[in-house]
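Comments concern the structure below.
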Amino acid sequence: MTRSINGRIEVPGDKSISHRVGILGALSSRGIEVTNFSSGADCASTLDCVEKLGCSVERHGDRVKVARGEGIAEASRTLDAGNSGTTARLLCGLLAGVPGTFSVLTGDDSLQRRPMSRIVDPLRVLGARIDGRDGGKRLPLSIRGTRLTGGQYVLPMASAQVKSALLLAGLSAQGSVTVVEPLPTRDHTEIMLEHLGVPIRRDGDSVTVYPFDDLPGGSWRVPGDFSSAAFWIVAAAICSDSSVRLSGVGLNPTRTGLLEVLRSMGLDCSVENESAQGGEPVGDLIVRSSSLRSVSVGSDMVPSMVDELPLLAVAATQAEGTTEIRGAGELRVKECDRIAAVAEGLRAMGADITEHDDGWTIPGSQKLRGARVDSRGDHRIAMAMAVAGLAADGPVEILGSDCVSISYPEFFSQLEELSDDLVPTRG
Ligand code: S3P
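44 is the number of the first residue of the sequence shown in the numbering used here; add one for each residue after it.
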C-alpha cells in the first residue's frame, strides 16, 4: 500500500446502456433522448453506424438524441463497429430483420478476431441471411435483411450481447422470439424496452419479445457506468488512507457482482442517494481503504462481473490468502485474451499468479513493483494495470494506454484528480 486516492467524482455514462439508446432509438420515430451518454469511442461507433443507416443522430456533449428518421435504409458504406463487440453483435440482430437492406459490417483487428458465430448461428435459425469470413464466424459479415420467423433459442453461453441481438431481431420478426439464458446476464435491453412501454415477458430464465413496429420515445439520464466506477472501488480498497465518493453510479444487480464479491472479501463501502433513472437503479458509492480477504469465484458469478474480473485479480494480489477465479473462459475472447494479459501484466510487476484455461489462482499480500506492462490495446487491461500500479512501489508504464478512450477517456485525468501522488506512466 503505497498511495492513497481521495475525492468525489462522477464516472461517464454507462456504455452498455448508451449502445442500447443508439440502437433502440433507431427504431423509434419519436426518438430516445438522454443526457450522460457514454463518452467512449465504442458508443460513438454505434452512433456512427445508425447514422449511416439513415437514422437521425443529434449529439451535443453528453446529450444525445437518436430517432428513426426516414427509417432504417441500406447504408451505402461499410458499417464499422471499431473495437466494439456490442455494436457489431446488436446491429447484426437489428439488421438481419430489415427486409430490402444489404449491409456489410466490420471492425478493427481485435474485433475481427472475435467470435461472431454466437450471433450468426441463432439468427440463421430465425431465417437470417448472414455470411462472412470463415463461414460467418468472423467479421466482416454481410447481412441481407429479411423477414425473420419467431422462435425460441436456448443460449449455450451466458451473453447479454447474444440475448440482446435476438431480442432486437424479435422486434421485427413475424412471431415472438424467446431467449432462454443459462445464467442471468445484464438486462439493460429488457429494462429499456419495459421503460419505453414495449410488451416483453420475463419469466425466470426466459425473456420474450413480440413484433413491434415503431418504439415509443423517451428521455432520461444514463446512469454512471459501474464498470468504470469499479476501477475506483478497487483502487480505494487497496490503497491506504483512501476514501472515494462515486456519484450516480448504475447499480443494476446484473452488473454489480464485483461489489458483492468485494463485500464478501471485507470491502468498506456504503450506498447513498438511491434512485432510478430510465428504469435502472442508481446510487452514490462511498468506498474506503479495506483489509481484503481472499475469495473463490466460480462460473455462476462470472456474468455479473465479466468485465471486472481483471480488476478482481488485481485486488486479489493485495488480499490476505489465495484467491481462485475460475469458470471465466469467456475472458479469452474479449478485446484481447484477458486471462493471458492480466497474468503477463501482474507478473511483470513481480506478482505470483497461475494462469488456467478459465481463470487464475492468485496468492495474496503480494508486493508489486514498478514495471512496463502491455495493455494489448485493451481498455480494461490498461485501466486494471493502472490500478495495480497504485499498489506498486515504482512507476508503472502502460503501453498503448490511449485505448482507455474506448470506454473511459477521462480515466487518467480523473486518476490525477483523485491521486495525491505520482500517477502511472503512460506508454
Ligand atoms: C455487454 C455484454 C458483455 C460485456 C460487454 C458489454 C453488453 O459481453 O462483456 O462489455 O453491453 O451487452 P458478452 O455478452 O459477450 O458477455
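Every residue gets a Cβ at the ideal spot worked out from N, C-alpha and C, and that includes glycine.
Please read these numbers as outputs of a predicted model, since none were measured by experiment.
Other residues of its chain near residue i: CB distance less than 6 Å, five sequence neighbours each side excluded
i, result
"Ser448", "Ala84"
"Gly213", "Val220, Val252"
"Val222", "Tyr196, Lys206, Leu209, Val250"
"Asn79", "Gly56, Asp105, Arg264, Val265"
"Leu354", "Ala273, Val277, Ala427"
Beta carbon of residue i nearer than 8 Å to that of residue j
i, j, result
"Val107", "Ile66", "no"
"Glu113", "Gly97", "yes"
"Cys282", "Ser332", "yes"
"Val265", "Val64", "yes"
"Ser88", "Thr130", "yes"
"Pro183", "Leu138", "no"
"Val416", "Ala391", "yes"
"Gly188", "Gly140", "yes"
"Pro254", "Gln217", "yes"
"Ser14", "Asp343", "Since the first residue of the chain shown is 44 and the last is 470, residue 14 is not available in this structure."
"Gly68", "Glu460", "no"
"Gly136", "Leu258", "no"
"Ile173", "Arg167", "yes"
"Ser185", "Phe145", "yes"
Enclosing alpha helix (DSSP H) for residue i [first to last residue]
i, result
"Gln217", "First-last for Gln217: undefined, no H or E at that position."
"Phe80", "Careful: Phe80 lies outside any alpha helix (DSSP H) and carries neither H nor E."
"Ile396", "Taken as a continuous stretch (DSSP letters only), Ile396 belongs to no alpha helix (DSSP H), as it is neither H nor E."
"Gly68", "58 to 68"
"Arg423", "422 to 433"
7 Å CB neighbourhood of residue i in its chain, flanking five on each side removed
i, result
"Ala394", "Thr360, Gln409, Leu411"
"Glu237", "Ile243, Gly322"
"Gly372", "Asp400, Asp401"
"Ser202", "Arg161, Thr228"
"Arg20", "Here the chain has residues from 44 to 470 only, and residue 20 is not among them."
"Ser313", "Ile329"
"Arg46", "Cys282, Leu433, Ser462, Asp464"
Start and end residues, beta strand (DSSP E) containing residue i
i, result
"Gly104", "First-last for Gly104: undefined, no H or E at that position."
"Thr297", "Thr297 -> no beta strand (DSSP E), and no H or E assigned at all."
"Asp311", "311 to 320"
"Glu366", "The question names Glu, but residue 366 in the sequence shown is Thr. Per DSSP, Thr366 belongs to the beta strand (DSSP E) from 366 to 368."
"Gly50", "49 to 52"
"Val252", "249 to 252"
"Gly293", "286 to 293"
Residue i: CB within 7 Å of a non-hydrogen atom of ligand 1
i, result
"Asp421", "no"
"Gln195", "no"
"Arg229", "yes"
"His103", "no"
"Gly293", "no"
"Thr129", "yes"
"Gln155", "no"
"Glu373", "yes"
"Val141", "no"
"Ser207", "yes"
"Ala203", "yes"
"Ser59", "yes"
"His62", "yes"
Which of helix, strand or coil DSSP assigns to residue i
i, result
"Asp445", "helix"
"Arg111", "coil"
"Met44", "Caution applies to Met44, whose pLDDT of 47 falls short of 50 and renders its modelled position unreliable; the value that the coordinates give is listed next. The answer is coil: DSSP assigns Met44 none of H, G, I, E or B."
"Glu453", "coil"
"Leu258", "coil"
"Gln204", "helix"
"Arg73", "coil"
"Leu461", "helix"
"Pro353", "helix"
"Gly175", "strand"
"Gln155", "helix"
"Arg375", "helix"
"Glu323", "strand"
"Pro406", "coil"
"Glu303", "helix"
"Leu198", "coil"
"Pro165", "helix"
"Pro183", "strand"
Close Cβ partners of residue i (< 8 Å) along its chain, the five nearest in sequence each way excluded
i, result
"Ser153", "Asn126, Glu378, Cys379, Gly420, Asp421"
"Gly437", "Arg412, Gly413, Ala414"
"Leu310", "Ile276, Ala280, Leu302, Val330, Ser333, Leu335"
"Gly267", "Glu53, Val54, Pro55, Gly56, Asp57, Asn79, Leu289, Ser290, Gly291, Val292, Gly293, Val325"
"Gly240", "Pro259"
Near ligand 3: residue i beta-carbon under 7 Å from a heavy atom
i, result
"Asp350", "Inclusion of ligand 3 in the displayed structure is not the case, the ligand content consisting of ligand 1 alone."
is_contact[residue i, chain D] using C-beta, thresh 8 Å
i, result
"Gly114", "Looking for chain D here will not work: only one protein chain is present."
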